[in-house]
Each structure stands twice: as structure tokens, then as C-alpha cells.
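Worksheet: the structure to be examined is printed underneath.
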Amino acid sequence: MHIYLSGDSLIARHEGYQQPILNHLLKEKDASIKITNTAVPGINSQQFLQQYNKLGPNQNFDYLVVLLGTNDLATHKQISLEQFKININEIITRLLKKYHSQQIILVSPPPVDENKQQFRTNHLVLTYSKILEEECVAYNLKFLSLYQLLSNQELPVTQLLQGTLDDGLHFGETAYSIFSDALYELFVDDKY
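Numbering (the UniProt record's numbering), first residue to last: 1 to 192.
Structure, rendered in C-alpha cells:
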């Protein structure tokens, strides 16, 4: 199985590993998984589109996982909701030229610890996530709400969001383990 991962720092972070932690955890589940990770810390949907030829999937993949919105919603560099929807629509259109809709998984931004996050709120996370979910429904794509996934755990979100960078956004290994489990289930349990 060949997986394409892209998006922002939440997909790119290493959390002390030699490779992105998400790559590491997915390979722990299945050593035969091949992963291409083109995530760029700080990227938003507009920048992803501008760099699509470099960052977009350029091989044959079984599944595509894209997490965008985290930087679009940040108030100090915000992309409007209208522009975000246009950007996501264009990204989906480009992906659908080569891939079946059920091969594409869009992931929402996670919840944030508002006591530590100056530029992001959970209200904004939910507002931008709603756009992602609506576009997934419209195009019959898979949607993974990282917000709901982490919010519905027994551990408090504030604890899950404690990683090597304890800033209320970039989460640690426990949350990455939950995230990778959910992704892996989508790969193995739901063949398109």
C-alpha cells in the first residue's frame, strides 16, 4: 500500500523521530506501507495550491491524506472562509483528475488549547472544518474530523495537545497514535 500524506506541520512533525511521527506510527502498524510525505510546516491552502506541482501527488497512490486549514484559520494570517472553500474545491478538483473520490481523505484541524493559542480558537477550527466536511460530502470523499477524534477521548484535550512543542496546537505521541489508528482503519477497513 502506498500512502500520500500532505498538509501542514501536523503532518510534518517528527516529535523526536528520524522521520515524521505519522510515517513512523503507520509503518509500525504495517512495515510494508510505503509513505510519501510532502507536508510543509506553516502552509495554508493558498500556498499548497501555488506549490501543487511540487507538493501534490505525482505517483500512483492507494490513498491520499491531506490536512489543511490549521494555518488558514489563524487570525494573524487568516484566509477568508470564502477563499478557503475556493482553494479546497480547486485542490479536490485536481486530485479527482487522477484519483477516485474514495481514495481521498481530508482531515480537519485538531482542537486547540485556547489558553496557549493566541491566534486560533476552537470556534474557528469548527467553522473551517465544516467547509472541509461539506466539500467531502459534495464530492463523496472521506472525511476525518481530527477535532472530534481528539475531543472524544478519555484523556483531556489539553493533555493530548502536549507534545515537544507545548503550544496548544502541536500535539504529542498519544494524539498521533490515536490519529494514526484512525487513518489506518480507513486504509484497511474501507477499500474503495
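Just so you know, even glycine gets a beta-carbon here, dropped at the ideal spot from N, CA and C. Here the structure is a predicted model, which is why all the values come from computation and not from measurement.
For residue i, collect the residues of the same chain with a Cβ closer than 6 Å to its Cβ; drop the 5 residues on either side in sequence, then sort them by chain order.
{"i": "S108", "result": "S129, L132, S145, L146 and Y147"}
{"i": "I104", "result": "L64, L95 and L141"}
Express the C-alpha separation of residue j and residue i in angstroms, rounding to a whole number.
{"i": "N115", "j": "G168", "result": "7 Å"}
{"i": "residue 198", "j": "L5", "result": "Summary: the structure shown does not reach residue 198, with the chain confined to residues 1 through 192, and so no result is reported for it."}
{"i": "Y17", "j": "H24", "result": "8 Å"}
{"i": "S9", "j": "E82", "result": "23 Å"}
{"i": "K27", "j": "L55", "result": "21 Å"}
{"i": "N152", "j": "Y176", "result": "14 Å"}
{"i": "L149", "j": "S180", "result": "11 Å"}
{"i": "M1", "j": "F61", "result": "8 Å"}
{"i": "residue 200", "j": "Q59", "result": "With the chain represented from 1 up to 192, any question about residue 200 goes unanswered, as that position is not in the structure."}
{"i": "Y99", "j": "Q78", "result": "30 Å"}
{"i": "Q51", "j": "S80", "result": "19 Å"}
{"i": "P20", "j": "N122", "result": "25 Å"}
{"i": "residue 216", "j": "R13", "result": "Any property of residue 216 remains undetermined from this structure, which presents the chain solely from 1 to 192."}
{"i": "V157", "j": "F84", "result": "26 Å"}
{"i": "L186", "j": "I178", "result": "13 Å"}
{"i": "L183", "j": "L106", "result": "11 Å"}
{"i": "Q47", "j": "T70", "result": "13 Å"}
{"i": "T174", "j": "D166", "result": "13 Å"}
{"i": "N87", "j": "K97", "result": "16 Å"}
{"i": "P57", "j": "V188", "result": "21 Å"}
For residue i, which residues of its own chain have a beta-carbon under 8 Å away from its beta-carbon, when the five flanking residues on both sides are left out?
{"i": "G172", "result": "E15, L160, L161, Q162, G163 and T164"}
For residue i, count neighbouring C-beta atoms within 10 Å of its own C-beta (all shown protein chains included) and say buried if the count is 16 or more, exposed if not.
{"i": "G7", "result": "buried"}
{"i": "V65", "result": "buried"}
{"i": "A138", "result": "exposed"}
{"i": "D72", "result": "buried"}
{"i": "L155", "result": "exposed"}
{"i": "T38", "result": "buried"}
{"i": "H76", "result": "exposed"}
{"i": "T93", "result": "exposed"}
{"i": "N53", "result": "exposed"}
Assuming residue i and residue j are in contact, meaning their beta carbons sit under 8 Å apart, how far apart are those beta carbons, in whole angstroms?
{"i": "Y63", "j": "I11", "result": "Not really, about 13 Å apart at Cβ, beyond 8 Å."}
{"i": "L68", "j": "N44", "result": "7 Å"}
{"i": "E135", "j": "N89", "result": "6 Å"}
{"i": "L126", "j": "I91", "result": "Contact flag wrong, Cβ pair sits at about 20 Å."}
I'd like the list of long-range same chain contacts for residue i, defined as Cβ closer than 7 Å, with 5 residues on each side in sequence excluded.
{"i": "L124", "result": "L73"}
{"i": "G120", "result": "The question names Gly, but residue 120 in the sequence shown is Arg. Result list for R120: L73, A74, V112 and L169, in chain order."}
Worksheet item: Given 8 Å as the limit, is there contact between the stretch 94 to 113 and the stretch 29 to 45, that is, 3 or more CB pairs closer than that?
Response: no
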